[in-house]
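Okay, so here's the structure we're looking at.
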Amino acid sequence: MKKIEAIVRKSKFEIVRKALHEADIDFLSWWEVKGQGTAKQGLIFRGVAYDVNTIDRVFISFVVRDINVEKSITAILKSAYTGESGDGRVFVTQIDQSIRIRTGDHGDESLYDKK
Amino acid sequence: MVLPVLTFAQDTTAVVAKAVEAIVPAVAATPEPFISAGNTAWMIVATALVMLMTIPGLALFYGGLVRSKNILNVLMQCFILTAVISLEWVVFGYSNAFGSSTGFLAPYIGGFDWAFLNGIGINDVSPYYISQATERIPHLVFVLFQCMFAVITPALIIGAFAERIKFRGFLIFSVLWAIFVYNPVAHWVWSGDGWLFKLGALDFAGGTVVHINAGIAALVMAVMLGKRKLPNGQHITPPNNIPFVVIGAALLWFGWFGFNAGSGLAADGLAASAFLVTHIAAASAALSWALLDWIINKKPTVVGISTGAVAGLVAITPAAGFVGVGSAIIIGLLVSVFCFFMVSVVKGKLGYDDSLDAFGVHGIGGIWGAIATGLFASPLIQSAYSGAFAGNSKQLGIQLIAIVATIIYSGVLTVILFKIVEKTLGIRATDEEETAGLDITQHNEIAYNESE
Chain W
1 MKKIEAIVRK SKFEIVRKAL HEADIDFLSW WEVKGQGTAK QGLIFRGVAY
51 DVNTIDRVFI SFVVRDINVE KSITAILKSA YTGESGDGRV FVTQIDQSIR
101 IRTGDHGDES LYDKK
Chain G
116 MVLPVLTFAQ DTTAVVAKAV EAIVPAVAAT PEPFISAGNT AWMIVATALV
166 MLMTIPGLAL FYGGLVRSKN ILNVLMQCFI LTAVISLEWV VFGYSNAFGS
216 STGFLAPYIG GFDWAFLNGI GINDVSPYYI SQATERIPHL VFVLFQCMFA
266 VITPALIIGA FAERIKFRGF LIFSVLWAIF VYNPVAHWVW SGDGWLFKLG
316 ALDFAGGTVV HINAGIAALV MAVMLGKRKL PNGQHITPPN NIPFVVIGAA
366 LLWFGWFGFN AGSGLAADGL AASAFLVTHI AAASAALSWA LLDWIINKKP
416 TVVGISTGAV AGLVAITPAA GFVGVGSAII IGLLVSVFCF FMVSVVKGKL
466 GYDDSLDAFG VHGIGGIWGA IATGLFASPL IQSAYSGAFA GNSKQLGIQL
516 IAIVATIIYS GVLTVILFKI VEKTLGIRAT DEEETAGLDI TQHNEIAYNE
566 SE
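Same order as they appear, the protein sequences are chains W and G. First residue of the first sequence: 1, per the numbering used here; consecutive thereafter. First residue of the second sequence: 116, per the numbering used here; consecutive thereafter.
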């Protein structure tokens with residue numbers, strides 16, 4: 001099992017979400033974050049342009065079975081891409097254990113809907 | 116204390132007038148003044164409109180501009196000033212500002228004859244009038260109308276010290292300022308005894324008394340308190356709620372109709388003229404600022420257009436009863452240029468932290484407005500008054516005297532009052548208070564509780 005985390009543009013988030021759905025990834029969490037990086041967001045206040053070195057992004061996080069890692073990453077990379085500085089990152093981490101709270105399923109069994 | 120006999124109200128031969136020279140005395144058959152229902156109804160509404168300018172107009176305008184950890188502090192400052200200055204006003208403030216005293220202080224401050232509004236009956240007519248000598252309003256309505264001006268003036272200064280002042284120090288300072296700066300300056304300009312009134316200074320609704328007065332105090336406070344401790348070497352922080360800024364500015368514009376059109380103390384042609392030029396100056400200035408933003412920074416901003424509208428309203432305030440619509444357009448278009456330059460260039464270069472531009476907008480706007488009154492006052496509006504462009508260049512000189520006198524007095528007194536409060540109670544918030552936010556440290560409240 002792997003955790004996939006991605007930091008993507010707010011404007012790309014819904015597109016990423018749709019791409020993940022098309023890759024059969026329908027269980028994920030996200031939150032809006034502030035951060036800093038190479039991209040800049042300038043602001044204006046009463047005639048003065050200024051920059052607080054802060055940008056807004058969406059941080060997505062979900063855990064998948066190993067068989068789904070490749071297609072999850074591909075879905076994100078394709079849908080979040082613009083080519084401009086500030087597109088974001090994808091991180092992959094090893095997950096030791098996963099348990100579904102309702103049924104007590106462990107491991108891979110907890111990561112998909114049993115039809 | 117023996118109260119001297121008052122000769123106001125019913126004595127038509129020695130009527131004290133507000134910004135109008137005493138008319139030809141004792142002409143045969145000047146009718147007895149009486150309470151006009153129409154004028155009174157308007158003035159009661161105008162009074163309410165001016166109150167709207169402080170709460171929630173100014174409260175939201177300033178509140179939306181600060182960071183969210185400080186918004187309640189700003190709202191509280193506006194609210195408590197509404198309460199405490201209203202009380203101060205009826206207890207002795209009105210008497211000091213608009214009453215009379217005897218002796219050498221008479222041109223500078225009134226006495227205590229009207230303390231607790233003693234001697235003012237509910238059916239007494241106002242001794243002050245502008246265009247309507249006979250059909251007047253109740254004295255008590257005039258008292259309350261002026262009360263709202265006394266409330267908003269110290270509230271304007273909030274913009275200079277927002278986000279870094281202790282609440283108790285702010286409150287004591289503001290009340291002392293109202294007593295020792297606002298009341299005297301109001302007396303100078305608007306009381307029949309006042310030396311600036313007698314000199315012929317023109318200030319229809321408070322360009323000097325309210326805006327220059329508060330604006331200079333704001334500059335002094337900003338300098339004396341020092342800058343806010345902002346991260347990353349910034350000197351600007353993003354406003355926490357720009358929709359509030361817009362609502363506040365719109366309420367200010369709306370309420371300003373009472374501020375300016377009500378300063379004629381009647382519902383007549385003069386009020387109509389003041390009403391019109393107020394609106395047109397605001398519109399011109401709003402557009403002007405939006406265009407400046409657009410040209411200089413490539414994008415018109417909402418905070419910018421709101422600020423422009425307010426600047427236009429400030430500038431037209433002293434001129435509202437003296438200028439025509441063409442002058443109002445020019446006054447409005449230019450005030451945004453001056454204020455924009457002040458806040459975007461000069462403030463940064465000089466390095467003082469007038470966090471919400473109380474000086475940049477009210478001080479500079481008020482100075483321009485007072486000068487503009489001296490230039491554009493037209494006898495077509497009120498026949499007794501004309502400015503430089505109508506051939507009376509002396510008026511400009513008189514305006515400059517009023518401007519300079521107010522700047523010096525307000526500046527010096529603000530320094531003194533600041534020092535007194537600083538040494539006794541403390542006025543600057545500590546670094547910890549400033550970083551944690553004034554809402555939680557001064558009021559134990561959080562503005563936006565989103566947990567549920």
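Built from N, CA and C at the ideal position, the CB exists for glycine as well. Note that this is a predicted model, so its numbers are computed, not measured.
* Asked: Using the C-alpha atoms, what's the distance from G/Ala174 back to G/Leu164?
  -> Within the second sequence, numbered from 1, the residue matching residue 164 of chain G stands at position 49. Within the second sequence, numbered from 1, the residue matching residue 174 of chain G stands at position 59. Each residue's alpha carbon lies about 14 angstroms from the other.
* **Through-space distance from G/Ser525 to G/Val296, alpha-carbon basis** => If you number the second sequence from 1, residue 296 of chain G lands on position 181. If you number the second sequence from 1, residue 525 of chain G lands on position 410. Between the alpha carbons of G/Val296 and G/Ser525 lies a gap of roughly 6 angstroms.
* Compute the beta-carbon to beta-carbon distance between G/Ala396 and G/Gly447, rounded to the nearest angstrom, for a pair I have assumed lies under 8 angstroms. => Within the second sequence, residue 396 of chain G is the residue found at index 281, counting from 1. Within the second sequence, residue 447 of chain G is the residue found at index 332, counting from 1. About 4 angstroms separates the Cβ atoms of G/Ala396 and G/Gly447, confirming a contact at the 8 angstroms cut-off.
* Taking only heavy atoms of the ligand MG into account, decide whether any of them is closer than 7 angstroms to the Cβ of G/Gly377. => For the structure depicted, the ligand MG is absent and the ligand set is empty, with no information on it obtainable.
* Asked: Residue ranges of each beta strand (DSSP E) run of no fewer than 3 residues wholly in the region 60-100 of chain W, ordered along the chain?
  -> Fully enclosed beta strand (DSSP E) runs of 3 or longer: 89-94.
* Please report how far the alpha carbon of G/Val324 lies from the alpha carbon of G/Val304, in whole angstroms. => On the second sequence, residue 324 of chain G is found 209 positions in, with the first residue counted as 1. On the second sequence, residue 304 of chain G is found 189 positions in, with the first residue counted as 1. Each residue's alpha carbon lies about 7 angstroms from the other.
* DSSP three-state assignment for G/Val142, whether helix, strand or coil -> Along the second sequence, one-based indexing puts residue 142 of chain G at 27. At G/Val142, the pLDDT of 48 sits below 50, so the modelled position is not reliable; the number obtained from the coordinates is stated separately. DSSP places G/Val142 in coil when its eight states are reduced to three.
* What are the boundary residues of the alpha helix (DSSP H) that G/Ile428 is part of? -> Counted from its first residue, the second sequence places residue 428 of chain G at position 313. Reading off the sequence, residue 428 of chain G comes out as Leu, not Ile. Looking at the DSSP string, the run of the alpha helix (DSSP H) that includes G/Leu428 is Val417 to Ile431.
* **For G/Lys313 and G/Phe437, the rounded distance between their alpha carbons** => The residue you call residue 437 of chain G lines up with position 322 of the second sequence. The residue you call residue 313 of chain G lines up with position 198 of the second sequence. Rounded to whole angstroms, the gap between the alpha carbons of G/Phe437 and G/Lys313 is 17 angstroms.
* Indicate the three-state DSSP secondary structure (helix, strand or coil) for G/Ala137 in the structure shown. => Position 22 of the second sequence, counting from 1, holds the residue named residue 137 of chain G. For G/Ala137, the pLDDT reaches just 40, beneath the cut-off of 50, and the residue's location in the model is therefore unreliable, leaving the point undetermined.
* If you measure from the beta carbon of W/Arg57 to each beta carbon in chain G, is any gap under 8 angstroms? -> Taking the first residue of the first sequence as position 1, residue 57 of chain W is located at position 57. No Cβ of chain G is located within less than 8 angstroms of the beta carbon of W/Arg57.
* Run through DSSP, which three-state label would W/Asp56 get? -> The residue you call residue 56 of chain W lines up with position 56 of the first sequence. Correct three-state label for W/Asp56: strand.
* Beta-carbon gap between W/Val8 and W/Val58 smaller than 8 angstroms -> Reading the first sequence from its first residue, position 8 is the one you call residue 8 of chain W. Reading the first sequence from its first residue, position 58 is the one you call residue 58 of chain W. W/Val8 is a Cβ neighbour of W/Val58, given a cutoff of 8 angstroms.
* Between G/Val458 and chain W, is there a C-beta pair that is closer than 8 angstroms? -> What you label residue 458 of chain G is simply residue 343 of the second sequence in a count that begins at 1. So, interface residue.
* What is the residue span of the beta strand (DSSP E) that G/Lys509 lies within? -> Taking the first residue of the second sequence as position 1, residue 509 of chain G is located at position 394. Going by DSSP, G/Lys509 is part of no beta strand (DSSP E) but of the alpha helix (DSSP H) stretching over Lys509 to Thr539.
* Contact set between the region 41-66 of chain W and chain G, restricted to residues whose Cβ is under 7 angstroms from the partner -> So the list reads Leu43, Ile44, Phe45, Arg46, Gly47, Val48, Ala49, Tyr50, Val52 and Asn53, given in the order they occur along the chain.
* Taking the alpha-carbon positions, what's the G/Arg343 to G/Ile273 distance? -> Position 228 of the second sequence, counted from the first residue, corresponds to residue 343 of chain G. Position 158 of the second sequence, counted from the first residue, corresponds to residue 273 of chain G. Looking at the two C-alpha atoms, the distance is approximately 14 angstroms.
* Under 9 angstroms Cβ-Cβ, which residues of chain W neighbour G/Val418? -> The sequence position of residue 418 of chain G within the second sequence is 303, counting from 1. In chain order: Ile44, Phe45 and Arg46.
* Asked: Any idea which residues DSSP pairs W/Ser29 with across the strands?
  -> Translated into the one-based positions of the first sequence, residue 29 of chain W becomes position 29. In the DSSP assignment, W/Ser29 is bridged to W/Ser61.
* To do: Go ahead and label G/Asn564 buried or exposed: buried means 16 or more other beta carbons lie within 10 angstroms of its beta carbon, across all protein chains shown.
  => Reading the second sequence from its first residue, position 449 is the one you call residue 564 of chain G. Label assigned to G/Asn564: exposed.
* Asked: If the cut is a Cβ gap below 8 angstroms, which residues of chain W does G/Gly463 touch?
  -> Taking the second sequence and counting its residues from 1, the one referred to as residue 463 of chain G is at position 348. What G/Gly463 touches in chain W: Val48.
* Using 8 angstroms as the Cβ pair cut-off and three pairs as the minimum, do the region 359-367 of chain G and the region 544-557 of chain G touch? -> Not touching, per the Cβ criterion.
* Since G/Ala161 and G/Gly373 are thought to touch, with beta carbons under 8 angstroms apart, how far apart are those beta carbons, to the nearest angstrom? -> Against the second sequence, residue 161 of chain G aligns to sequence position 46. Against the second sequence, residue 373 of chain G aligns to sequence position 258. With 8 angstroms as the limit, G/Ala161 and G/Gly373 qualify as a contact, their Cβ atoms being about 4 angstroms apart.
* chain W within 8 angstroms of G/Ile351, Cβ atoms only -> The count along the second sequence starts at 1 and reaches residue 351 of chain G at position 236. The C-beta of G/Ile351 comes closer than 8 angstroms to at least one C-beta of chain W.
* Backbone CA spacing between G/Ala316 and G/Phe264 [nearest angstrom] -> To locate residue 316 of chain G, count along the second sequence from 1; it is residue 201. To locate residue 264 of chain G, count along the second sequence from 1; it is residue 149. CA-CA distance, G/Ala316 to G/Phe264, rounds to 19 angstroms.
* Kindly confirm or deny that the region 331-347 of chain G and the region 376-389 of chain G touch, where touching means at least three C-beta pairs closer than 8 angstroms. => No contact exists between the region 331-347 of chain G and the region 376-389 of chain G.
* Compute the Euclidean distance between the alpha carbons of G/Ala520 and W/Asn53, then round it to the nearest angstrom. => On the second sequence, residue 520 of chain G is found 405 positions in, with the first residue counted as 1. On the first sequence, residue 53 of chain W is found 53 positions in, with the first residue counted as 1. When only Cα atoms are considered, G/Ala520 and W/Asn53 end up about 45 angstroms apart.
* Asked: Could one say the Cβ of G/Asn347 lies closer than 8 angstroms to chain W's Cβ atoms, at least one of them?
  -> Against the second sequence, residue 347 of chain G aligns to sequence position 232. Residue-level contact by beta carbon holds for G/Asn347 and chain W, with a gap shorter than 8 angstroms.
* Go ahead and pull the three-state DSSP assignment for G/Gly234. => Here the question's residue 234 of chain G lines up with position 119 in the second sequence. Three-state DSSP puts G/Gly234 in coil, outside helix and strand.
* Asked: Does the separation of the CB atoms of W/Ile60 and W/Glu14 fall below 8 angstroms?
  -> As a first step, residue 60 of chain W is located in the first sequence; it is residue number 60 there, counting from the start. As a first step, residue 14 of chain W is located in the first sequence; it is residue number 14 there, counting from the start. Contact flag unset, no.
* DSSP puts G/Glu250 in a beta bridge; with which residues? -> Residue mapping note: residue 250 of chain G aligns to position 135 of the second sequence, counting from 1. Note: G/Glu250 is bridge-paired with G/Phe149 in the DSSP secondary-structure output.
* Asked: Using a C-beta cutoff of 8 angstroms, does W/Arg102 count as contacting chain G?
  -> Stepping through the first sequence from its first residue, residue 102 of chain W is reached at position 102. At a cut-off of 8 angstroms between beta-carbon atoms, W/Arg102 makes no contact with chain G.
* To do: Identify which residue in G/Ser241, G/Leu391 and G/Leu259 has its Cα closest to the Cα of G/Ala198.
  => Walking along the second sequence from the start, residue 198 of chain G turns up at place 83. Ranking the options by Cα distance to G/Ala198, first place goes to G/Leu259.
* To do: Could you check the C-alpha separation between G/Glu136 and G/Asn233 for me, to the nearest Å?
  => Counted from its first residue, the second sequence places residue 136 of chain G at position 21. Counted from its first residue, the second sequence places residue 233 of chain G at position 118. With a pLDDT of only 40 at G/Glu136, under the threshold of 50, the placement of this residue in the model should not be trusted; the figure read from the coordinates follows. Distance between G/Glu136 and G/Asn233, taken at the CA atoms: about 27 angstroms.
* When burial is assigned at 16 or more other CB atoms within 10 Å of the CB, is W/Trp31 buried or exposed? -> Position 31 of the first sequence holds residue 31 of chain W. Counting Cβ neighbours within 10 Å, W/Trp31 comes out exposed, since fewer than 16 surround it.
* Asked: Should W/His21 be labelled buried (16 or more other beta-carbon atoms within 10 Å of its own) or exposed?
  -> Here the question's residue 21 of chain W lines up with position 21 in the first sequence. So W/His21 counts as exposed.
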